Amino acid sequence: MVEFLEFTLEGLSAGMIYAAIALSLVLIWRGTGVLNYAQGAMAMFTSFIALEIIYVTGNYWLGFVSALAAGLVIGAIAERVIVRPVTGKPPLNAVIVTIGLLILVEGLAGLLYGSNNRSFPPAFSIDGLSIGSVALGITRNDIFTGAAVLLAAAILALTFRYSSIGLRLRATAFNAPVARLLGVRVGRMLTLGWALAGLLGALAGLLVSPSTFLNPNSMDTIFVLGFTAAVIGGLESPAGAVAGGLILGVVLSYAGGYLGSEVVNLFGLAALLLVLMFRPTGLFSSAQARRV
Amino acid sequence: MTSQVTEQVEVPAAPRGRLDWLNRSTLGRHLAVAVAGAVILYLISVGLDAYRDYLMAEVAATVVAVAGLTVLIGLSGQISIGNGAFMAIGGYTGALLFSHLHWPLALIIIAAALVAAAVGAIFGVAAARLHGPYLAGATLMFAVALPFLANTFANQLGGDQGLGFFVTTPAFLGVNFSLQRWQAWVNCAAGLIAFILLANLIRSKVGRSWRAIRDDEIAAALAGLNIARLKILAFVVSAAAAGLGGVLLAIFNGTVSPSLFTLNLSIQLLTAAVLGGLGTLAGSIWGGALLVIVPIYLEDVAVGHGFASQSTSAAIPILAYGVVLIIVMLAFPRGIQGGLNRLIKKKGSA
């Protein structure tokens, strides 16, 4: 029973990270209809920036904030320079361009920082918490991870729901030509969407890097799991992204805990295929008629 | 007088008749191209040293796998970021048959392609209902998860160490014949046969049906095509080609292990197919050859000119590949073969 609780909490904590990546993918997908395969690589790069700043200044939070800012900037640049020119081309071109960006960023990181594993400091203590003598299997840092992702998701949701800029972002995602006619600067909104997604990705990178170490490929698996979470939840739905992340985190945690680490990804595949078998567009997607 | 007339008719008719035969028989035309290709490949392989013969074998294996993917994406309109997993299935099947049953090489190669095709059929059934990013996600996870089977069944599949697959040169070529040249021959021969089959398939009713589905799935369904079956068939063909590429990769590599079939491989196959030009077999040759050859020379050049140290030099080709991908996609949205076609057309009309 204690073991079960431990695995559940561990899974929820890891799931929060997948949820953050999934949210950033959903944000871009809804806005531009592009899946950003470079999201993980961008998060890896911003984490390296954070590591450099922490190393130079000795201040974790300065590095943390710089990485988030870098995520914003990199996301915006990626949209303007690389993604904007392929809009309106076959959808596969956008896929390849973002994969090109993924390879480019990983190559750049390899050139600047080498391919060795770097350790990344956690924000808070990583000693296991316990109630009395019962170990819970989570740490202060895990709680911070969950809180940070939930807070970011809440801020995002409130911005989308209640602010004027959120309304314009939603209008752009819903119907860009009409939004443009109504005076929304659609181009700016798309850039802003990518920038916000870059920030969310950077957050995920900062939260996951203490447990995975940091190297040019360290975010690959995290990205794949975040993508899987987004697909499980349905790419149209932010709530689905969070739910997908948590479901995946818990399933993988049980699989790893009870059956061994080598079956973790096989269970991830099984969970994904099982969901897609019954819901080909994810759990939280509304049934959509395909246009004839 | 009459005999003179018949002669006048027959003399120009004879060459036209020969051309007609080539024009009418798709198989004949493809065979002729393949024979010409075989002669050229033979001449190239004889002129190369052992290392370049090895590269030639690698190019052949990669091109076959890319060709399978170009058929899947370019013709049937389904995406896969997981064909490296089908390569793994082909490679492991080959290694298992080689070490346990000692089958002849030709049979091993065919069996590896068939086993991969069977798995492709199972996966295709699950994937046929999926579209766009949902299909991409499922295949991506497939590529990440499948290699872990090697650790789950470490006793049978050798875990991280993998399995040996040591081909030797056959006796009739003599003792001094280079192993690399033999591997290049085997891979190129298998690749040519696969290309003949794929080229015929593309020009067949199945190929036309795939294009119909790709362009408008609903219209194709209304025209009476069995969408699900055709989509699954595309996955089967693509998996068979990937499995063939995988066993060929294993042949020149000497071993199969999970580290050979990474997520990176799957992504590179996709980029090579698009870079070369989707839906054309010629494009898959461009893409596959670029994928193998360019990184090697780039790394040599980078180290030689002091742009990078030994420890960071591995990043140079990666960086360059990313840049090339982005630029080609922005400049030639239809890939290298598409760009070439456009240049030729411009010249023809000018």
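Going down the list, the sequences are from chains C and F.
Residues 1 to 292, numbered by this note's numbering, are exactly what the first sequence covers, in order.
Residues 293 to 642, numbered by this note's numbering, are exactly what the second sequence covers, in order.
All C-beta atoms, glycine included, are put in the ideal place defined by N, C-alpha and C.
All of these numbers come straight from a predicted model, not from anything done at the bench.
- When only Cα atoms are considered, F/W395 and F/A387 end up about 10 Å apart.
- In the three-state reduction of the DSSP assignment, F/V548 falls in the strand class.
- Contact with chain C is found for F/F434, since one of that chain's Cβ atoms lies less than 8 Å from the residue's Cβ.
- The criterion of a C-beta distance shorter than 8 Å is not satisfied by C/A270 and C/V26.
- Here F/H392 is exposed: its Cβ has fewer than 16 other Cβ atoms, across all protein chains shown, within 10 Å.
- By the beta-carbon neighbour count (other beta carbons within 10 angstroms, threshold 16), C/E106 is buried.
- When rounded, the separation of the alpha-carbon atoms in C/R168 and C/R185 is 8 Å.
- Taking all protein chains in view, the Cβ of F/F464 is surrounded by fewer than 16 other Cβ atoms within 10 Å, so the residue is classified as exposed.
- Between the region 109-125 of chain C and the region 41-58 of chain C there are three or more C-beta pairs closer than 8 Å, enough to call the two in contact.
- By the Cβ neighbour-count rule, C/G71 is buried, with 16 or more other Cβ atoms within 10 Å of its own.
- Residue-level contact by beta carbon fails for C/L72 and chain F, as no gap is shorter than 8 Å.
- Bridge pairing for C/L214: C/R118 [DSSP].
- Contact residues of the region 609-639 of chain F toward chain C are I610, L611, Y613, G614, V615, L617, I618, M621, L622 and P625 (C-beta to C-beta distance below 7 Å).
- At a beta-carbon threshold of 8 Å, the residues of chain C lying near F/Y426 are V231, L235, L276, P280, T281 and G282, ordered along the chain.
- A residue is called buried when at least 16 other Cβ atoms come within 10 angstroms of its Cβ; F/Y589 does not meet this threshold and is exposed.
- Per DSSP, the continuous alpha helix (DSSP H) segment holding C/T57 begins and ends at Q39 to T57.
- Under the DSSP definition of a beta bridge, F/G456 partners with F/T547.
- In this structure, the CA atom of F/I559 is about 15 Å from the CA atom of F/V616.
- For F/S530, the three-state secondary structure derived from DSSP is helix.
- In this structure, F/S530 places its C-beta atom within 8 Å of the C-beta atom of F/L364.
- If you draw a straight line from the Cα of F/L484 to the Cα of F/L540, it comes to about 13 Å.
- Shortest Cα-Cα distance from C/N217 to any of C/I17, C/Q39, C/E10 and C/V2 involves C/Q39.
- C/E262 reaches chain F at F440, N443 and T444, counting residues in chain order whose Cβ is nearer than 7 Å.
- By the rule that beta-carbons nearer than 8 Å mark a contact, F/L555 touches chain C.
- Contact check for F/M379 against F/G538 passes: the beta carbons are separated by less than 8 Å.
- Around the beta-carbon of C/V2, fewer than 16 other beta-carbon atoms lie within 10 Å, marking it exposed.
- For F/I365, there is no enclosing alpha helix (DSSP H), since its DSSP letter is neither H nor E.
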